[in-house]
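Just so we're aligned: the sequence shown equals residues 30 to 730 in our numbering. Structure record follows, encoded as structure tokens.
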Amino acid sequence: MDYHSRARELHRLLTEYQRAYYIDGRPLVSDLEYDRLFDELSRIEAEHPETRTPDSPTQRVGSDLSSDFPEVEHTIPVLSLDKAYSDTEILSWISKTTKNTGENLSFVLEEKLDGFSIVLYYEKGLLARAVTRGNGFIGNDVTANVKTIYSVPLRLNEDIDIAVRGEVFLRKAEFERINATLSEPYANPRNLAAGTIRRNKSSETAQVPLSIYVYEGFWADGGENTDHIQILSRLRSLGLPVDPHLSYFCKTKEEARQRLEKASLEGRPGSFDDIPQAIVDYTSARRDLPYEIDGLVVKVNELSTREELGYTEHHPRWAIAYKFEAPQAQTQVLDIDVQVGRTGRITPMARIRETLLSGSTIRNITLHNQDYVDELELAVGDTVAISKRGDVIPAVENVIEKNEVGNTTWQMPKTCPVCGSQIIKRGAHHFCPNYDCAAQAKGRLAFFCAKGQMDMEGLGPRTIEILYDNGFVKSIGDLYRFDFNLMKGLKGFGGTEGKTIENIKTSILQSRKTPFRNVLVSLGIPEFGKKAVDLVCDAGFDSMSKLLEIADNKDEQCLSTIKGIGPITANLIIDGLNSPTTRKLIDELREAGLRMEDEKKDNSNLEQIFQGQSWCVTGTFENFNPRSKAMEEIKKRGGTEVSGVSRKTSCLLAGSGAGSKLDKAREFGVRIVTEQEFLKMIGTAEEPEEPKKEEEQLSLF
Ligand code: IVH
Numbered sequence: 030m031d032y033h034s035r036a037r038e039l040h041r042l043l044t045e046y047q048r049a050y051y052i053d054g055r056p057l058v059s060d061l062e063y064d065r066l067f068d069e070l071s072r073i074e075a076e077h078p079e080t081r082t083p084d085s086p087t088q089r090v091g092s093d094l095s096s097d098f099p100e101v102e103h104t105i106p107v108l109s110l111d112k113a114y115s116d117t118e119i120l121s122w123i124s125k126t127t128k129n130t131g132e133n134l135s136f137v138l139e140e141k142l143d144g145f146s147i148v149l150y151y152e153k154g155l156l157a158r159a160v161t162r163g164n165g166f167i168g169n170d171v172t173a174n175v176k177t178i179y180s181v182p183l184r185l186n187e188d189i190d191i192a193v194r195g196e197v198f199l200r201k202a203e204f205e206r207i208n209a210t211l212s213e214p215y216a217n218p219r220n221l222a223a224g225t226i227r228r229n230k231s232s233e234t235a236q237v238p239l240s241i242y243v244y245e246g247f248w249a250d251g252g253e254n255t256d257h258i259q260i261l262s263r264l265r266s267l268g269l270p271v272d273p274h275l276s277y278f279c280k281t282k283e284e285a286r287q288r289l290e291k292a293s294l295e296g297r298p299g300s301f302d303d304i305p306q307a308i309v310d311y312t313s314a315r316r317d318l319p320y321e322i323d324g325l326v327v328k329v330n331e332l333s334t335r336e337e338l339g340y341t342e343h344h345p346r347w348a349i350a351y352k353f354e355a356p357q358a359q360t361q362v363l364d365i366d367v368q369v370g371r372t373g374r375i376t377p378m379a380r381i382r383e384t385l386l387s388g389s390t391i392r393n394i395t396l397h398n399q400d401y402v403d404e405l406e407l408a409v410g411d412t413v414a415i416s417k418r419g420d421v422i423p424a425v426e427n428v429i430e431k432n433e434v435g436n437t438t439w440q441m442p443k444t445c446p447v448c449g450s451q452i453i454k455r456g457a458h459h460f461c462p463n464y465d466c467a468a469q470a471k472g473r474l475a476f477f478c479a480k481g482q483m484d485m486e487g488l489g490p491r492t493i494e495i496l497y498d499n500g501f502v503k504s505i506g507d508l509y510r511f512d513f514n515l516m517k518g519l520k521g522f523g524g525t526e527g528k529t530i531e532n533i534k535t536s537i538l539q540s541r542k543t544p545f546r547n548v549l550v551s552l553g554i555p556e557f558g559k560k561a562v563d564l565v566c567d568a569g570f571d572s573m574s575k576l577l578e579i580a581d582n583k584d585e586q587c588l589s590t591i592k593g594i595g596p597i598t599a600n601l602i603i604d605g606l607n608s609p610t611t612r613k614l615i616d617e618l619r620e621a622g623l624r625m626e627d628e629k630k631d632n633s634n635l636e637q638i639f640q641g642q643s644w645c646v647t648g649t650f651e652n653f654n655p656r657s658k659a660m661e662e663i664k665k666r667g668g669t670e671v672s673g674v675s676r677k678t679s680c681l682l683a684g685s686g687a688g689s690k691l692d693k694a695r696e697f698g699v700r701i702v703t704e705q706e707f708l709k710m711i712g713t714a715e716e717p718e719e720p721k722k723e724e725e726q727l728s729l730f
């Protein structure tokens, strides 16, 4: 077969396998076979680039090229939904709607997916653009990132022009897994999904297994659809993933059942009388869903009735969202200004009329970024509903009443309010690009001195501001150089306040003894917070020189094979360590006498037989349950842990049921160690260590 035909054949097969796996949830081939075919297609495409089409299955792995997200106009109206916060409101909306319209009415009840709203534009069946909701008229083109979502078809089953609305989301389990590795964890799966869609490099988006469900379709030629059920059914036949947990209500349950069956849609049929119970059932089933929903959506099914009902300025009158969580208070936005953080990131803050919420007084609420403001269509003077999410962070939920003075949606200033530099946009956020901006410098100093980092008593943000504004301390290095006596003349520090100066002096002196791990965190490298630092140090990369060597060699694998550190984090750590400003800071800290290596734990009684070796553990064991116990034994003897097998892995400890890792080890010629051999190595072959009582208890968790 010539390479053209082979590429076409592989394209077809891999597309089919991807769809079976990610949309239908039933794999057709083994991972190994899939990888083999994938590699073959990648090779042909690399050698003959003309065979690479935009819908090739290889195009999902993303690229390292940085992309910004150009603004594009929506060709469909991207409206939001009116909201209700109780089932009685929903039921009265349904009966009002029924009264106001003709006889033949039915309703669809869908899950309100708690994710990130997206519009997919297909042209002649090919995914042409994926655009964020933006302000409803103009959104950002995030196509390269959306292509990495396996359940988004790159080509539909028909060559049609269609716009599709859907929600990108992250399953709870994936969120837990990924979030646990981040130094600055996200508050919820929605935020992580939204952050991922806005990564500048699509290769980074590809590392997060996002999902999508679509819920509205707009055919360019009208599509001759008569109702929503039919639209959902057609979207599914086109190859798009539709949430199967829908309910459909007609006059009688039997009629609903028949219509669902005709549309070949899964879902629960019911009569109008069944609606209240359905709402109760969805609400209680919510906890057990593998993804998060923040409410339900009730939609009129018949398109002719939808037209009859029409639209308000912002919402269709034919649908309503039932939100599970009601906002708790109402207040007014007095002003919106911005804060410049240590990384230069500019965060809009709403200054609100003081409000009591769950026992605390709220005056300021973060608005995160411009997109967040655009989604809310928020302007100064608007009356808003606010609530506390997860009981900690207060958030603006929605605008209740627009201001009467004609203020339009708030816009980010063009220049940094602190240093006047032109603001730039990266992903969803705006940044002040000036490293020497006073706000950034103070932010870096405050972060360095704060608890969790160098923990310097007496050096809070206020003191730092004074030291900075007086020109004594402009950078972290200055902390270790400046003359404390200069402070004596300062208001609040001299005279009887001499004690404060002494405290500061002691804090700075003592920081030389602060553990190395804190020093690493205090560098402020993105994603290299306490958790990641612990993982990296525990894996044996426990000194500045070892880390800088990895950074010099850009040895991503070294870090990404550590359990809990993915390739995204690995690359960010390496980039961070390689940045000239971090290097300068490290030099200064070294010169100041700070710790540059981890303090050794006492495993001196054990022979370090695995020193310098990287071990992967897979399968189940008789003597090590959970299997992390085997890893503990390896680490105690100087070995390091890796989560996957690569050519560089020293050994694979394989228990029973070992799967693909065993295959990989064979392929790469990595030494495979059985449980019996391992017991011999660690010298407990005859009498394997009895688990202690406490350990038994621990393993229960
Ligand atoms: S329908 C014109 N259906 O909720 C109607 N929206 O303000 C368009 N959402 O921006 C929305 N699940 O991001 C619809 N099953 C669902 C949904 C859903 C989640 C989101 C969507 C929209 C917001 C409502």
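For each residue, glycine too, the CB sits at the ideal point set by N, CA and C.
Buried or exposed: residue 5, going by 16 or more other Cβ atoms within 10 Å of its Cβ? Past the edges of the chain, shown from 30 to 730, lies residue 5, and the structure says nothing about it.
Just checking residue 244 against the ligand IVH - is the residue's beta carbon closer than 7 Å to any of the ligand's heavy atoms? yes
Determine the burial state of residue 421: buried for a count of at least 16 other Cβ atoms within 10 Å of its Cβ, exposed for fewer. exposed
Say whether the stretch 376-383 touches the stretch 345-363, bearing in mind that this needs 3 or more beta-carbon pairs closer than 8 Å, one atom from each stretch. yes
For residue 99, collect the residues of the same chain with a Cβ closer than 6 Å to its Cβ; drop the 5 residues on either side in sequence, then sort them by chain order. 170
Among the residues of its own chain, which have a CB less than 6 Å from the CB of residue 173, if the five just before and after it don't count? 96 and 231
So residue 739 and residue 503 are in contact, right, with Cβ under 8 Å, and what is the actual spacing, rounded? As shown, the chain starts at 30 and ends at 730. That puts residue 739 outside it, with no answer to give.
Expressed to the nearest angstrom, what Euclidean distance is found between the alpha-carbon atoms of residue 599 and residue 589? 5 Å
If you measure from the beta carbon of residue 362 to each beta carbon in chain C, is any gap under 8 Å? In the structure shown, chain C cannot be found, because there is only a single protein chain.
Endpoints, the alpha helix (DSSP H) within which residue 452 is located: Note, residue 452: premise wrong, no alpha helix (DSSP H); not H, not E.
Taking its Cβ as the centre, do 16 or more other Cβ atoms sit within 10 Å of residue 148, making it buried, or is it exposed? buried
Going by the C-beta, is residue 544 closer than 7 Å to any heavy atom of the ligand IVH? no
Using DSSP with H/G/I as helix, E/B as strand and the rest coil, what is residue 364? strand
Is DSSP giving residue 723 helix, strand or coil here? With a pLDDT of only 34 at residue 723, under the threshold of 50, the placement of this residue in the model should not be trusted, and no figure is reported.
Hey, quick one: how far does the beta strand (DSSP E) through residue 10 stretch, first residue to last? The displayed coordinates of the chain run from 30 to 730. Any statement about residue 10 would go beyond what the structure contains.
If you follow the beta strand (DSSP E) that residue 708 is part of, which residue opens it and which one closes it? From DSSP, residue 708 is part of no beta strand (DSSP E) but of the alpha helix (DSSP H) over 704-710.
Between the alpha carbons of residue 505 and residue 614, how many angstroms are there, rounded? 7 Å
Considering only their Cβ atoms, is the gap separating residue 178 from residue 94 smaller than 8 Å? no
Need the endpoints of the alpha helix (DSSP H) that residue 374 sits in, please. First-last for residue 374: 374-386, but that is the beta strand (DSSP E), not the alpha helix (DSSP H).
Over what stretch of residues does the beta strand (DSSP E) that includes residue 605 continue unbroken? Premise fails: residue 605 lies in the alpha helix (DSSP H), 596-607, not in any beta strand (DSSP E).
Looking at the unbroken alpha helix (DSSP H) that takes in residue 770, where does it start and where does it end? Since the first and last residues shown for the chain are 30 and 730, residue 770 lies out of range.
How many angstroms separate the CA atom of residue 490 from the CA atom of residue 550? 18 Å
Say whether the stretch 103-117 touches the stretch 342-352, bearing in mind that this needs 3 or more beta-carbon pairs closer than 8 Å, one atom from each stretch. yes
Starting from the Cα of residue 122, find the closest Cα among 271, 287, 483 and 327 and give me that residue. 327
Whole runs of the alpha helix (DSSP H) within the stretch 656-692, excluding any shorter than 4 residues: 657-665
Quick check on residue 151: buried or exposed, where buried means 16 or more other Cβ atoms within 10 Å of its Cβ? buried
Please determine whether the Cβ atom of residue 326 lies at a distance below 7 Å from any heavy atom of the ligand IVH. yes
Sequence-distant residues of its chain with Cβ nearer than 8 Å to residue 513 (five each side left out): 530, 533 and 534
Cα separation between residue 762 and residue 637? Residue 762 is absent from the structure shown; the chain starts at 30 and stops at 730.
Can you give the Cα-Cα distance for residue 318 and residue 142, rounded to whole angstroms? 11 Å
Can you list, in chain order, the residues of its chain whose CB lies under 7 Å from that of residue 483, leaving out five sequence neighbours each side? 477, 540, 543, 547 and 551
Check each candidate in 619, 635, 393 and 368 and name the one with the smallest Cα separation from residue 661. 635
Return helix, strand or coil for residue 587, following the three-state DSSP convention. helix
Inside the stretch 83-154 only - beta strand (DSSP E) runs reaching at least 3 residues: 100-102, 136-142 and 145-152
In whole angstroms, what separates the C-alpha of residue 621 from that of residue 545? 14 Å
Hey, how far is the Cα of residue 684 from the Cα of residue 575? 32 Å
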